[in-house]
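These notes are about the structure you will find just below.
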Amino acid sequence: MVLELHIWGPAFGLPSIDPHCLAAIAYLQQAVPRGKWQLIATSDPALSPTNELPALRNGDIWIGGFRNIFHYVAQFSSGEWVLDAGLPDQQGADCIAFSSFVEAHGQPLIDLSLYVSSQNYTSTTRPLYNSIQPFPLPYLTPPSVRATAKQRTAHLGLSSLDVDTEDADAAQEKSIIPESLRKSKNTVSSLLAANPESNAQIRLDALATNYFEPLQKIKGKKPYLVSDSQFSSLDCLALGYLSLMLIPSLPQPWLAKTMRKKFPDLCAWTEDMIENVFGGPVKAEDALLPNGGDSASAEQKAYLPWTAPKNGGAVGIGSVFLSSIADSIPIVGQLRRNTRMRLHGGKTLDDELHSSSWQGVAAISSIVAGLGLAVGYMFQQGLIPLSSGEEPVKEKNASLDTFGDAGAALSVFATQLDAEAQRQRMGESHGAPVAEVAVEAGPGGVTVTDNVA
Amino acid sequence: MPSDKTSDHKDGAPPAGQTSFAQHTSKIRHFFSIPAPVKVLFDKVPVLTYPPNDLPQRAPKPARIPSLYVFIKKEDAAAGRPSYNPSCLKWQTFLNFADINHRLMPSSNHASPSGVLPFLLPPSKTPQEAPTPITSNKLVKYVEEQGKTVEESSSMRYEAYQSLIDHRIRDAWVSIHPLPRALNFSAVAYHLYVSPTSSNPLVRASISHQLRSAAEAELLKHTAIIDTDDLYSEADKAFEALSILLGEDSWFFGTSQPTLFDASIFAYTQLLLDDELGWQEKKLCRALRRRANLVQHRERLLVRYFGGS
Numbered sequence: 001m002v003l004e005l006h007i008w009g010p011a012f013g014l015p016s017i018d019p020h021c022l023a024a025i026a027y028l029q030q031a032v033p034r035g036k037w038q039l040i041a042t043s044d045p046a047l048s049p050t051n052e053l054p055a056l057r058n059g060d061i062w063i064g065g066f067r068n069i070f071h072y073v074a075q076f077s078s079g080e081w082v083l084d085a086g087l088p089d090q091q092g093a094d095c096i097a098f099s100s101f102v103e104a105h106g107q108p109l110i111d112l113s114l115y116v117s118s119q120n121y122t123s124t125t126r127p128l129y130n131s132i133q134p135f136p137l138p139y140l141t142p143p144s145v146r147a148t149a150k151q152r153t154a155h156l157g158l159s160s161l162d163v164d165t166e167d168a169d170a171a172q173e174k175s176i177i178p179e180s181l182r183k184s185k186n187t188v189s190s191l192l193a194a195n196p197e198s199n200a201q202i203r204l205d206a207l208a209t210n211y212f213e214p215l216q217k218i219k220g221k222k223p224y225l226v227s228d229s230q231f232s233s234l235d236c237l238a239l240g241y242l243s244l245m246l247i248p249s250l251p252q253p254w255l256a257k258t259m260r261k262k263f264p265d266l267c268a269w270t271e272d273m274i275e276n277v278f279g280g281p282v283k284a285e286d287a288l289l290p291n292g293g294d295s296a297s298a299e300q301k302a303y304l305p306w307t308a309p310k311n312g313g314a315v316g317i318g319s320v321f322l323s324s325i326a327d328s329i330p331i332v333g334q335l336r337r338n339t340r341m342r343l344h345g346g347k348t349l350d351d352e353l354h355s356s357s358w359q360g361v362a363a364i365s366s367i368v369a370g371l372g373l374a375v376g377y378m379f380q381q382g383l384i385p386l387s388s389g390e391e392p393v394k395e396k397n398a399s400l401d402t403f404g405d406a407g408a409a410l411s412v413f414a415t416q417l418d419a420e421a422q423r424q425r426m427g428e429s430h431g432a433p434v435a436e437v438a439v440e441a442g443p444g445g446v447t448v449t450d451n452v453a
Numbered sequence: 001m002p003s004d005k006t007s008d009h010k011d012g013a014p015p016a017g018q019t020s021f022a023q024h025t026s027k028i029r030h031f032f033s034i035p036a037p038v039k040v041l042f043d044k045v046p047v048l049t050y051p052p053n054d055l056p057q058r059a060p061k062p063a064r065i066p067s068l069y070v071f072i073k074k075e076d077a078a079a080g081r082p083s084y085n086p087s088c089l090k091w092q093t094f095l096n097f098a099d100i101n102h103r104l105m106p107s108s109n110h111a112s113p114s115g116v117l118p119f120l121l122p123p124s125k126t127p128q129e130a131p132t133p134i135t136s137n138k139l140v141k142y143v144e145e146q147g148k149t150v151e152e153s154s155s156m157r158y159e160a161y162q163s164l165i166d167h168r169i170r171d172a173w174v175s176i177h178p179l180p181r182a183l184n185f186s187a188v189a190y191h192l193y194v195s196p197t198s199s200n201p202l203v204r205a206s207i208s209h210q211l212r213s214a215a216e217a218e219l220l221k222h223t224a225i226i227d228t229d230d231l232y233s234e235a236d237k238a239f240e241a242l243s244i245l246l247g248e249d250s251w252f253f254g255t256s257q258p259t260l261f262d263a264s265i266f267a268y269t270q271l272l273l274d275d276e277l278g279w280q281e282k283k284l285c286r287a288l289r290r291r292a293n294l295v296q297h298r299e300r301l302l303v304r305y306f307g308g309s
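Chains H and A, in that order, give the protein sequences.
Note that the UniProt record's numbering has the first sequence beginning at 1, numbered continuously upward.
Note that the UniProt record's numbering has the second sequence beginning at 1, numbered continuously upward.
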């Protein structure tokens, strides 16, 4: 059985746009013998049971998440395809600790550089999704990835990187002085405002340095991060993150710049590893077209066992499109996420008992609210009559209308008759004054109203 | 009195040119004046200003020593026992390391200016001026300003192993706590965080719902799905790595005195090994008990800084 590794598609000349996918590719490339696995750039996280890529498929078994993939590969080969086996205790511990470090502190940096920074996102990252996903999906995927990225980096207080550049343009247009007569004044504050990256430069630099420094120190002069001779899972993960920091050429290259300036050793290591593990730059066609393409990609094929993705035609794409729309609707999306979580984690009796009380309260209150809304709507629309006094009058009018054109003609005739009768009455009243006396007897006594026409 | 004035004004004959204007203003004034019966009533019942009330008995009194606001039971606070919240316990332990005499105040997130516990309220110098609370990220600086020192390790591994505690172990901790399917929610978290806040069932339901959804949101930030098995196995590996790092030493990184790192690992080991909390699902506790040196590390700190169990 051939293992299939499903990943996010290639970008920036790297085999994938996602650090975890890159790590999984590196791991399989190093651990699993050629011909035993295939690489498929599906770019559809709904395939995986954990709703994230990379995902590994073995027949009917789907494994999601790169750590689970490492475990599964070890299990599947009964301990043969493992990279970390045989590391000394101290190195094993370092491998675990630094893996956590690379992932936890690297993710915010990649988020900031590729997604949160407006300029990088609009000019580079978002267009990339067009090449790796079929048509309607690039409208949905990048914004949702960006929203998650913003959420993850909110605690760093660097949301200023995400700017509305349109605002700045509007402010400039308002000036009545013509462009030719205006002196360009590059004050410090205007320069900073035009470029939020330079504004936050000091903090970004500090963040990046705090990230690279421990990695540089643990690597020292060794060929691999923790071991002298052994390519470990930490190297896979670090390669995934570092290559996405170093390789992309972005309009705001603060991350790559810091890395090149202060940590040339790490840069050299990353470039070496990309050459050795991924076999140099990857083109989108290598991954997505059925038979590679020109001769240049044949070389690439020798490194990574690309197979063209089958995305199930229009129906498949349509269902993915609809499900991602459903996820982005506020309440429906939350419900979908909850069910997904339940399905994955095992249910317990206690859980059912406990959540049912809260769910019961929620259900009852929503039913009451819904009924109230419905009744209110009916009152507002007049479906339920509030007073029956006006109804017969309306029905009379309606009965004439039901005759259609004839009814309309009749009603004209009727108004004419009315007008004639009124004229007659007017004539009579001119002759002699008529006094109408209305007497009403009520509980308050007798009221007399005089009307003299 | 306005009413008297208007009547005076009416009686004295005004100059001819101002008559209409004066009448107009007097009308307006008349409108705002106090009606005679009300005035009589007010004259009979004069306004009396009482001296300001004393603060209620339970209001915090100005103290000579700083107060640390943490999640803790009342009787434990008086005895100076460990808090039941890891981030509170971490800073409580840190203050004990620095030998800063402080008192513990039972509190909740709603009382904190930043929305999270713990925070430290330094002693007020003047009774009128309220001291500014110090949040946890400024506590190290505060300790330095007090002239106390806590040793800092400068190992290159510090950051990496710290991230093990802050992410791997913390995520597992969060997941065993308030998730809907976690057995421990009703057994532990409900009694610690929900029932002390209020006795009203509606408020309790709302708070426990908030607690769970906050925990879920926290975990879902990093993954698309909460995979508890993965969280457990990662935490297990984290304990393994920390155990190897500690080795035969008394404190982490071979320092002569415990550091902030020891405090942050103690915050979790203490709570996981505390039988009084009554954990129902003991997977994580079992994973920790297998590492004898981490258990001993916790005992050592407990005896030295919290006076036994």
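By construction, the Cβ of each residue, glycine as well, lies at the ideal position given by its N, Cα and C atoms.
All figures in this text were calculated on a predicted structure; none of them were measured in a lab.
- The beta-bridge partner set that DSSP reports for His6/H consists of Ile40/H and Ala55/H.
- With contacts defined as CB atoms closer than 8 Å, Thr209/H and Ser243/H fail to qualify as a contacting pair.
- Considering only beta carbons, the part of the region 224-238 of chain A lying closer than 9 Å to chain H consists of Ala224, Ile225, Ile226, Asp227, Thr228, Asp229, Asp230, Ser233, Glu234, Lys237 and Ala238, in chain order.
- Here the alpha carbons of Ala292/A and Asp236/A stand approximately 14 Å from one another.
- Of the candidates Ala287/H, Pro143/H, Gly59/H and Pro54/H, Pro54/H places its Cα closest to the Cα of Phe66/H.
- Taking C-beta separations shorter than 6 Å and ignoring five residues to either side along the sequence, the partners of Ile69/H in its chain run Ala24, Leu56 and Ile63, following chain order.
- Residue-level contact check: Asp228/H does not touch chain A, since none of the beta carbons of chain A fall below 8 Å from its beta carbon.
- Counting along the chain, Tyr69/A sits inside the beta strand (DSSP E) bounded by residues Ser67 to Val70.
- Between the alpha carbons of Gln29/H and Leu304/H lies a distance of about 7 Å.
- Restricting attention to beta strand (DSSP E) runs no shorter than 3 residues, the region 67-108 of chain A encloses them at 67-70 and 103-106, ordered along the chain.
- Looking only at Ala369/H, Ala268/H and Leu207/H, the smallest Cα-Cα distance to Gly220/H is reached by Ala268/H.
- Nearest CB-CB separation between Tyr50/A and chain H: not below the 8 Å threshold.
- By the Cβ rule, the region 90-102 of chain H counts as touching the region 158-170 of chain A, because three or more pairs are nearer than 8 Å.
- In chain A, no part has a C-beta under 8 Å from the C-beta of Ser324/H; the shortest such distance is about 12 Å.
- Take the alpha-carbon of Gly370/H and the one of Phe278/H: they are about 57 Å apart.
- By the neighbour-count criterion, in which 16 or more other beta carbons inside 10 Å mark a residue as buried, Ala172/A falls on the buried side.
- Runs of the beta strand (DSSP E) spanning 3 or more residues and lying entirely within the region 198-249 of chain A do not occur at all.
- For Arg152/H, a Cβ of chain A is located within less than 8 Å of the residue's own Cβ.
- For the 8 Å CB-CB criterion, Leu104/A and Ile72/A form a contact.
- In this structure Leu294/A is buried. Its beta-carbon is surrounded by 16 or more other beta-carbon atoms within 10 angstroms.
- Taking 8 Å as the upper bound on Cβ-Cβ separation, chain H lies near residues Ile244 and Leu245 of the region 244-269 of chain A.
- Under a criterion of Cβ atoms nearer than 7 Å, the residues of chain A adjacent to Gln90/H are, in order, Ile244.
- Leu234/H counts as buried, since no fewer than 16 other beta carbons sit within 10 angstroms of its beta carbon.
- Not one beta carbon of chain H lies nearer than 8 Å to the beta carbon of Met105/A.
- Counting C-beta pairs closer than 8 Å gives three or more between the region 222-242 of chain H and the region 82-90 of chain H, which meets the contact rule.
- Taking a C-beta distance under 8 Å as the contact criterion, Ile218/H and Leu207/H do not qualify as a contact pair.
- Within the DSSP secondary-structure output, Thr135/A pairs in a beta bridge with Phe119/A.
- A Cβ-Cβ separation of about 13 Å leaves Pro86/A out of contact with Ala215/A under the 8 Å criterion.
- Closest option to Asp60/H, judged by alpha-carbon separation, among Glu4/H, Leu237/H and Ile325/H: Glu4/H.
- Distance from the CA of Thr269/A to the CA of Arg298/A, rounded to the nearest whole angstrom, comes to 6 Å.
- When secondary structure is reduced to three states using DSSP, Ala11/H falls in the strand class.
- Look at Ile247/H here: in three-state DSSP terms it is coil, with no helix or strand label.
- Annotation: Ala26/H to Val282/H spans about 14 Å, alpha carbon to alpha carbon.
- If you look at Trp254/H, you'll find it in the alpha helix (DSSP H) that goes Trp254 to Lys262.
- Shown in chain order are the members of the UniProt domain "Metaxin glutathione S-transferase" (214-273) of chain H whose Cβ falls below 8 Å from a Cβ of chain A: Pro214, Lys217 and Ile218.
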